[in-house]
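Residue numbering for the sequence shown follows numbering that gives the first Met the number 0, beginning at 0 and increasing consecutively. Heads up, the beta-carbon is just placed ideally off N, CA and C, and yes, glycines get one too.
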Amino acid sequence: MPKNIKAVVYGLGPIGSLIASLLLERKSLEVVGAIEIDPKKVNRDLGEVLSLNERVGVKVFHDGEAEKFLLETKPEIVLHSTATYLDKIYPQLIKCLKAGANIVSTSETLAYPWYRYPNLAASIDRIAKEHDATVLGAGVNPGFIFDVLPAFLSTTCVEIEGIRVVRSINASTRRYSFQRKYGLGLSPNEFARSLNKGKI
């Protein structure tokens, strides 16, 4: 019988919590821990944090303990969903790679990091190779759903006249950092400045 794959969930916001819930249902995966910054979630059982009405025997560690935890646990894969921008998540990714963990991240800018962060991309590539690990950025926009999937689906077409992908969301129900990323709550002048600087 094949052994279960040791997995860690890094980030327990709305997306990370959904990922963790799904992972706990997978028989081929063993969730050995989770990492979070929210003090209300840290040092608790993952089942309690996810409101599963039961303890699952998986501890939620603080991000400050991540390096030690990852090196001791040696997970085979880390499902990462903490932030969008690579310059913000870079230290988290390096901790995972140095523990030899493969990473799948929801970070949009990790889908093709050489565009915006060529130096960080080269560093991640080098460190991943040194530790025989892989990194996959599978964010939404840009990322898997808005870039890779449409390109892949177009391979069945003989001729393409255009590709149109539309995303419609209610950002008012999402976390504050997500709302700021899309400019919600900004004055028209602040919105224009942020748009010109490439911040939204």
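Alpha-carbon spacing of residue i relative to residue j, whole angstroms
i: residue 82; j: residue 156; result: 35 angstroms
i: residue 48; j: residue 6; result: 17 angstroms
i: residue 97; j: residue 90; result: 11 angstroms
i: residue 32; j: residue 113; result: 30 angstroms
i: residue 52; j: residue 60; result: 20 angstroms
i: residue 122; j: residue 142; result: 20 angstroms
i: residue 133; j: residue 101; result: 5 angstroms
i: residue 40; j: residue 66; result: 18 angstroms
i: residue 37; j: residue 58; result: 14 angstroms
i: residue 94; j: residue 28; result: 21 angstroms
i: residue 124; j: residue 185; result: 36 angstroms
i: residue 224; j: residue 170; result: In the structure as shown, the chain starts at 0 and stops at 199, and residue 224 therefore has no counterpart that could be examined.
Classification of residue i by the beta-carbon crowding that lies within 10 angstroms, buried from 16 upward
i: residue 42; result: exposed
i: residue 187; result: exposed
i: residue 105; result: buried
i: residue 92; result: buried
i: residue 168; result: exposed
i: residue 151; result: exposed
i: residue 13; result: exposed
i: residue 154; result: exposed
i: residue 63; result: exposed
i: residue 71; result: exposed
N-terminal and C-terminal residue of the beta strand (DSSP E) that residue i is part of
i: residue 9; result: 4-9
i: residue 145; result: Careful: residue 145 lies outside any beta strand (DSSP E) and carries neither H nor E.
i: residue 136; result: 134-136
Boundaries of the alpha helix (DSSP H) in which residue i is found, first to last residue
i: residue 120; result: 117-129
i: residue 48; result: 45-48
i: residue 211; result: Since the first residue shown for the chain is 0 and the last is 199, residue 211 is missing from the structure and cannot be characterised.
i: residue 176; result: 175-180
i: residue 194; result: 187-195
Counterpart residues of residue i in DSSP-defined beta bridges
i: residue 76; result: 6 and 101
i: residue 60; result: 34
i: residue 29; result: 5
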